[in-house]
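A.B. asks: Numbering (our numbering), first residue to last: 348 to 570.
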């Protein structure tokens, strides 16, 4: 992940000024935050997830990093924002393919999910799992068989337009490509209620968000 982000930064005429790696599950991020502050980087990327990311964000706020530098989380779930709270997470930038409050379809799915799981909102993984399962079942129905090769071909043939994406497509190498989005965590004043945490900053078109097919190393791609 660090390498891929670095490649994108350099391709966009940016510069990576440093990196620091912490042990999995560490609770003391003070030295890493101080390194990030000393680097004078405009944006500090967090290539971790779960409690590690949560603890890193807390430490960044405690040490005042966010006063002069922006934090960008490379993999952050809405549950992480919920755990942090808006006073701590506000201003954080992240990329995500899906957010429960994107449109009417996403909100309808979120309400059904919320009723089933006791109040939590779904994240990108929940929505993606549902979308992929439904696409598979639709492909089985359209193919009239559950033969793997026939269903796989039908899944690639059929466009994906549902509560997850309105213009998804499965490529030759099996990767489903779709638009991605840059989000920013709202301030407490901007939030209108529980789970109203993100505001859109930019749409990243599918052809820019994913590795080009020509660069794929998948054996299914015809060279």
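Every residue, glycine too, gets a C-beta built ideally from N, C-alpha and C.
Fair warning: this is a prediction, and the values are worked out from it, not measured in the lab.
Does the region 386-401 come within contact of the region 412-429, defined as at least 3 CB pairs closer than 8 Å?
C.D. replies: Yes, they touch.
A.B. asks: Counting only runs of 4+ residues fully inside the region 396-439, write out the alpha helix (DSSP H) ranges in chain order.
C.D. replies: Within the region 396-439, the complete alpha helix (DSSP H) segments at least 4 residues long are 397-409, 425-431, 433-436, listed from N- to C-terminus.
A.B. asks: Specify whether the region 421-438 and the region 455-462 touch according to this definition: at least 3 beta carbon pairs, one from each stretch, less than 8 Å apart.
C.D. replies: The region 455-462 and the region 421-438 do not touch, with fewer than three beta-carbon pairs separated by less than 8 Å.
A.B. asks: Can you give me the C-alpha to C-alpha distance between residue 506 and residue 527, rounded to a whole angstrom?
C.D. replies: 17 Å
A.B. asks: Please determine if the region 506-516 and the region 392-405 are in contact, where contact requires at least 3 C-beta pairs separated by less than 8 Å.
C.D. replies: no
A.B. asks: Kindly indicate the opening and closing residues of the alpha helix (DSSP H) around residue 498.
C.D. replies: 495-504
A.B. asks: Taking residue 536 as the reference, give the member of 368, 363, 437 with the closest Cα.
C.D. replies: 437
A.B. asks: Straight-line CA distance for residue 561 to residue 368?
C.D. replies: The straight-line gap from Cα to Cα measures roughly 32 Å.
A.B. asks: Counting along the chain, where does the alpha helix (DSSP H) carrying residue 571 start and finish?
C.D. replies: With the chain running from 348 to 570 in the structure shown, residue 571 is simply not present.
A.B. asks: Could you tell me the alpha carbon to alpha carbon distance between residue 352 and residue 553, rounded to whole angstroms?
C.D. replies: Take the alpha-carbon of residue 352 and the one of residue 553: they are about 17 Å apart.
A.B. asks: What's the gap between the Cα of residue 522 and the Cα of residue 382?
C.D. replies: 37 Å
A.B. asks: Counting only the same chain and skipping the five closest in sequence on each side, list residues whose C-beta sits under 7 Å from that of residue 547.
C.D. replies: 528, 530
A.B. asks: From what residue to what residue does the beta strand (DSSP E) around residue 353 run?
C.D. replies: Where residue 353 is concerned, there is no enclosing beta strand (DSSP E), although the alpha helix (DSSP H) it sits in stretches over 349-358.
A.B. asks: Roughly how many whole angstroms lie between the Cα atoms of residue 301 and residue 471?
C.D. replies: There is no way to answer for residue 301, as the model of the chain reaches only from 348 to 570.
A.B. asks: Just the C-alpha distance for residue 503 and residue 402, rounded to the nearest angstrom, thanks.
C.D. replies: 40 Å
A.B. asks: One question on the structure: do residue 490 and residue 501 come within less than 7 Å of each other, judged by their Cβ atoms?
C.D. replies: yes
A.B. asks: Identify the continuous beta strand (DSSP E) that holds residue 532 and give its terminal residues.
C.D. replies: Counting along the chain, the beta strand (DSSP E) containing residue 532 begins and ends at 527-532.
A.B. asks: If you draw a straight line from the C-alpha of residue 556 to the C-alpha of residue 350, how long is it?
C.D. replies: 16 Å
A.B. asks: To the nearest angstrom, report how far apart residue 428 and residue 498 are at their CA atoms.
C.D. replies: 38 Å
A.B. asks: Leaving out five residues on either side along the sequence, give the residues of the same chain with a beta carbon under 7 Å from the beta carbon of residue 423.
C.D. replies: So the qualifying residues of the chain are 400, 441.
A.B. asks: Here's the rule: buried if 16 or more other CB atoms are within 10 angstroms of the residue's CB, otherwise exposed. What is residue 468?
C.D. replies: Residue 468 comes out buried.
A.B. asks: Can you look up residue 545 in the DSSP assignment and give me helix, strand or coil?
C.D. replies: strand
A.B. asks: Would the beta-carbon of residue 355 fall within 7 Å of that of residue 439?
C.D. replies: no
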